[in-house]
Structures are given as C-alpha cells and as structure tokens.
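Presented below is the structure to which this report refers.
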Amino acid sequence: MKRYSAETREWAIKQMMPPFNRAVIELSGATGITTVTLRSWRQSARQAGEFMPGNGKTGDRWSSADKFRAVLETASLSEIETSQYCRSKGIYPEQIRQWREACEQANGAPEPKLTAAQRNEAKAAQKRIRELERQLKRADAARAEAAALLNLRKKADAIWGKEEED
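Residue numbers (the numbering used here): 1 to 166.
This is the structure we're talking about:
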C-alpha cells in the first residue's frame, strides 16, 4: 500500500474543494492517486467539517445539505464578505440569495387541522368516489360486452347469411 505525504493529501483535498471542484476521476488521472484513496480523503475531510460540495459539481448541482450549509456560513457575513466567500467557493452571491429564500420557504404554511366532522365528510366523499368508479368500470365492461356481441352477430351474418325466422 502506497503512503502519501500530508502535503500531497492536503493539496489533493484542496483540489476537490471549491473553487477548483475537480472530479475524483479527473484528479486521479492527473496525479496517479487511486479514486478510492481520494474518495476516502474527501469523506474524512467532510467529517472533519470541511466544505466539500461534490465531485466536480457546479453550484447549481450541489446537494441540499451543501446549499444549506453555504447559507448558514454566509448568514452573518456582510455583502463584501459574502462576495469573497462566493469567489472562494466558485458560486455567485445570487445563488446564495436564492438558496436562502428556498430555506426560508422550506417548511411553508402548516396544514390546518381538520375537525372530526370534516374528516368524516372527506371519508364519505372518498367512499362515494370509489363506489362511482366501480359503477363506471361495470358500465364500461357491459358496454364492451354489448359491442362484442353486436360485432359477433355481424360476423355470423356475413359468414352464414341472414336467415329469416318464421
């Protein structure tokens, strides 16, 4: 098993972080370090609290957790500091604003609680809908059967001719 120096490891981790966002496969091809090793380094950096949004992903393809983390990290920053942060991560301040709005609206308005009468009414309506759907299926089946019988009669008449009944 090959051992790598701490400097090599740190350099590779920085290459996988924004603003470079180099993909593991690309970095592996350029350095000769195996993809398994690079992925384990990236995972350990994430567990240590490093911001590692993805495998060569641009800001619009980050995971929800990474976007949320970026919003948290920039929440207390001024506009100038936010711009510097965005440049270092390879994203735009407008993306941070959009992500912040999405986070604020994530839970939305809570659904109102239904009263017992409203629940019973909704249950009865669902039961009525199911019954009507069953009736519709039966009517469709009967209609299809009648059409098949008429078609069969026409074919029988065509084959044997129409007989007159006395």
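Don't be surprised by glycine CBs; every beta carbon is placed ideally from N, CA and C.
Just so it is clear, the structure is predicted and the values come from calculations on it, not from any experiment.
Status (buried if at least 16 other CB within 10 Å, exposed otherwise) for residue i
i	result
P112	exposed
V24	buried
D157	exposed
K162	exposed
N120	exposed
A45	buried
R42	buried
V36	exposed
T182	The shown model of the chain, from 1 to 166, leaves out residue 182, and the question about it has no answer.
A12	buried
W62	buried
Close beta carbons around residue i, own chain, < 6 angstroms, minus the five adjacent residues each side
i	result
Q135	none
G49	none
A141	none
Range covered by the alpha helix (DSSP H) that runs through residue i
i	result
S40	35-47
L4	Sequence check: residue 4 is Tyr here, not Leu. Y4 -> no alpha helix (DSSP H), and no H or E assigned at all.
G29	24-31
F68	64-74
Q84	79-89
Q135	116-160
Q95	93-104
Whole-angstrom distance between residue j and residue i, CA atom to CA atom
i	j	result
P18	I91	9 angstroms
R69	S88	15 angstroms
E81	Q126	55 angstroms
R22	K2	22 angstroms
A148	Q118	45 angstroms
R130	K137	11 angstroms
R39	L77	31 angstroms
E145	K123	33 angstroms
F51	D66	8 angstroms
E104	E73	15 angstroms
E79	A102	19 angstroms
R153	A116	56 angstroms
G108	Y85	29 angstroms
Own chain residues within Cβ distance below 8 angstroms of residue i, not counting five before or after
i	result
K14	F20
L114	A122
Any non-hydrogen atom of the ligand GTP within 8 angstroms of residue i CB
i	result
A75	Ligands are entirely absent from the displayed structure, and the ligand GTP is therefore not among its contents.
Own chain, CB closer than 7 angstroms to residue i, minus 5 neighbours either side, in chain order
i	result
N151	none
Quick one: any contact between the stretch 98-105 and the stretch 28-42, if contact means 3 or more CB pairs under 8 angstroms? no
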